[in-house]
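With numbering that gives the first Met the number 0 applied, the sequence shown covers 0 to 296. Note that CB positions come from ideal geometry on N, CA and C, so glycine has one too. Only a predicted model underlies this, so the values are computations on that prediction, with no experimental measurement involved. To start, the structure under review is shown below, and the notes come after it.
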Amino acid sequence: MTAISHISTPLLDIAYEEAGPRSGRPVILLHGWPDDARTWDRVLPSLHGAGLRTFSPYLRGFGPTRFRSAATPRSGQLTALAQDALDLATALGLGKFVILGHDWGARAAYIATAIAPERISHCVSLSVGWGTNHSDQALSLRQARNYWYHWFMALERGAEAFRRDGEGFARLMWDSWGPQGWYSQAEFAATARSFANPDWTQIVLHSYRHRWGNAEGDPAYDPLEIRVRSAPVIQVPTLVIHGAVDGSNDQAMSAGREGVFSGPYRRFVLDGVGHFPSREVPEPVAKAVIEFLEHHR
């Protein structure tokens with residue numbers, strides 16, 4: 000495992016892993032929930048071999064990342080995650096960079112790209128479609144069923160169940176979102192350590208409650224919330240990779256969304272793959288990313 004570095008942003012002490020050629024094109028990789036930076040482990044060697052320099056942070060509320068002040072609201076808003084990513088890039092002194100995200104990280108990547116296209120050269124999203132963040136979106140019955148945990152966590156009974164056994168809750172998600180037997184117990188345990196962050200439970204509950212209008216947001220992000228509510232068109236080259244048997248975000252959620260991208264756009268659906276493509280089939284994921292970046296320089 001790569002050594003963990005730390006860097007301060009206005010709100011966070013962000014823990015991150017940096018690797019690859021020092022002169023390489025910078026890529027920020029944002030993990031999702033329930034996950035951490037380990038999600039990229041089997042993708043990174045290929046990215047580094049292609050000359051990419053990678054920065055893999057632990058999101059707010061995960062692993063060694065910490066809030067700098069006890070007074071900062073423990074918001075799990077997607078706009079907050081996007082701003083954290085931009086703040087990280089600023090702190091690292093990066094110029095234009097590639098942003099690659101999965102799940103929560105994919106939603107944050109889209110938002111960061113939409114609000115700061117001048118800073119991001121390419122956007123790569125795993126398992127999420129753009130324009131699927133707002134609380135009044137129409138959901139198919141299949142997707143409403145997939146999101147049962149959203150609705151459960153909106154209830155106090157569900158929140159209490161999550162507080163009581165967050166790790167068990169997370170394991171159930173892993174079991175439900177991909178083909179049977181797709182992960183090892185050692186792999187889950189290595190990531191579950193990040194769920195011991197003292198803010199993890201609060202961040203997770205707030206994120207899902209806020210997403211559907213069941214919790215107030217941090218007013219600091221109100222301007223960003225207004226900007227992204229209409230799913231502004233993304234201008235930079237964008238690649239979407241989605242598993243055909245994703246048990247969280249059905250692959251239909253990223254289909255037919257070409258109209259919200261004005262730059263080059265490509266979507267891959269991976270047969271037999273669930274919600275965690277970078278873990279399940281790292282080689283096809285890395286190959287798709289590298290080829291897309293090379294083709295759209």
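7 angstroms Cβ cutoff, residue i in contact with chain C
i           : result
residue 133 : No chain C appears in the structure shown, which is made up of a single protein chain.
Beta-carbon proximity check, residue i vs residue j, cutoff 7 angstroms
i           : j           : result
residue 274 : residue 247 : yes
residue 238 : residue 265 : yes
residue 164 : residue 126 : no
residue 201 : residue 73  : yes
residue 263 : residue 236 : yes
residue 30  : residue 128 : no
residue 107 : residue 80  : yes
residue 110 : residue 272 : no
residue 13  : residue 6   : yes
residue 285 : residue 45  : yes
residue 56  : residue 169 : no
residue 100 : residue 206 : no
residue 191 : residue 166 : yes
residue 185 : residue 240 : no
Alpha-carbon spacing of residue i relative to residue j, whole angstroms
i           : j           : result
residue 307 : residue 24  : The question about residue 307 has no answer, for the chain in this structure spans 0 to 296.
residue 162 : residue 293 : 44 angstroms
residue 172 : residue 189 : 16 angstroms
residue 19  : residue 96  : 14 angstroms
residue 88  : residue 119 : 10 angstroms
residue 85  : residue 54  : 12 angstroms
residue 204 : residue 157 : 10 angstroms
residue 141 : residue 244 : 12 angstroms
residue 181 : residue 279 : 7 angstroms
residue 27  : residue 50  : 14 angstroms
residue 71  : residue 15  : 21 angstroms
residue 133 : residue 69  : 29 angstroms
residue 40  : residue 47  : 11 angstroms
residue 260 : residue 98  : 16 angstroms
residue 267 : residue 154 : 35 angstroms
residue 146 : residue 138 : 10 angstroms
residue 91  : residue 149 : 34 angstroms
residue 122 : residue 67  : 29 angstroms
residue 93  : residue 17  : 13 angstroms
residue 229 : residue 269 : 29 angstroms
residue 212 : residue 281 : 35 angstroms
residue 250 : residue 256 : 12 angstroms
residue 135 : residue 143 : 13 angstroms
residue 295 : residue 210 : 33 angstroms
residue 175 : residue 131 : 21 angstroms
residue 179 : residue 193 : 24 angstroms
residue 290 : residue 77  : 28 angstroms
residue 187 : residue 38  : 10 angstroms
CB-CB length for residue i against residue j, believed under 8 angstroms
i           : j           : result
residue 283 : residue 242 : 11 angstroms between Cβ atoms; not a contact.
residue 83  : residue 1   : Between residue 1 and residue 83 the Cβ distance is about 20 angstroms, and since that is not below 8 angstroms, they are no contact.
residue 11  : residue 52  : In fact, because the Cβ distance is near 21 angstroms, the residues do not count as touching under 8 angstroms.
Identified DSSP bridge partners for residue i
i           : result
residue 210 : Residue 210 is not bridged to any residue.
residue 43  : The partner list for residue 43 (beta bridge, DSSP) is empty, contrary to what the question assumes.
residue 121 : 97
residue 18  : 53
residue 6   : 13
residue 26  : 53 and 97
residue 241 : 268
residue 233 : 260
residue 65  : 12
Say whether the region 57 to 69 touches the region 192 to 200, bearing in mind that this needs 3 or more beta-carbon pairs closer than 8 angstroms, one atom from each stretch.
yes
Cβ contact check for the region 214 to 231 and the region 111 to 121: 3 or more pairs under 8 angstroms
Between the region 214 to 231 and the region 111 to 121, the count of C-beta pairs closer than 8 angstroms reaches three or more; the two stretches touch.
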